[in-house]
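Asker:
Numbering (our numbering), first residue to last: 1 to 179.
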């Protein structure tokens, strides 16, 4: 299956069961690299019903199996507990113009291009809205070199680093400047 054949769309209320199956199928390593929310049924239901912390979700679907193979969540603004760290870099984020983002790809689809198709779609949509900047939710683990390269490919640049269960990088993309 080609990544370009993947169907990208907004998360819908009817995606409850499929999204829960997607999360349950992720390996321990993939789960450990994606942490913006719990993987339980209650959280998945709230996300699909668009009632979980203002999250906006997109999914990538393999049309051959009708299976969710990628997921990307965006939160308007930024996480308040990360504000002090951003300020230490000289960065002031705006809750009305900026976003926080976290993508994931099913283990058997990683390095297939699916993540790139999903990321390009979502970044294009956000840029059309006139948004200013987007930061990675909780940064990216420094040891996850594939992810670091992936984000750089999409115009993200490293702001700084911090310790949380190991070394992590804060990265940002500014529309109209980096992208």
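Virtual Cβ for every residue (Gly too), placed ideally from N, Cα, C.
In this text, all values refer to a predicted model and were calculated from it rather than measured experimentally.
Count the CB pairs spanning the segment 136-143 and the segment 166-175 that are closer than 8 angstroms, and state whether there are at least three.
Answerer: Yes: the two stretches touch, three or more of their Cβ pairs being nearer than 8 angstroms.
Asker: Touching or not, the segment 53-71 and the segment 106-122, by the rule of three or more beta carbon pairs under 8 angstroms?
Answerer: Touching, per the Cβ criterion.
Asker: Quick check for students: name the residue ranges of the alpha helix (DSSP H) that lie wholly in the segment 17-52, counting only runs of 4 or more.
Answerer: Note on the segment 17-52: whole alpha helix (DSSP H) runs with a minimum of 4 residues are 28-33 and 41-48, in chain order.
Asker: Nearest CA to the CA of residue 151: which residue from 9, 5 and 101?
Answerer: Here residue 151 is taken as the residue at index 151 of the chain shown, counted from 1. It is 101.
Asker: Have a look at the DSSP bridge pairing and note the partners of residue 171.
Answerer: Position 171 of the chain shown, counting from 1, holds the residue named residue 171. In DSSP, residue 171 forms a bridge with 158.
Asker: Do we get a CB-CB distance below 8 angstroms when we pair residue 70 with the residues of chain B?
Answerer: Given the protein chain composition of this structure (a single chain), no chain B is represented.
Asker: So, at 6 angstroms on beta carbons, what are the nonlocal neighbours of residue 122 in its own chain, with the 5 sequence-adjacent residues on each side left out?
Answerer: Working through the chain shown from its first residue, we reach residue 122 at position 122. Closer than 6 angstroms at the Cβ level, and outside the excluded window around residue 122, lie 58 and 72.
Asker: Alpha carbon to alpha carbon, how far is residue 34 from residue 127? Give it in angstroms, no decimals.
Answerer: Within the chain shown, numbered from 1, the residue matching residue 127 stands at position 127. Within the chain shown, numbered from 1, the residue matching residue 34 stands at position 34. Those two C-alpha atoms are separated by around 24 angstroms.
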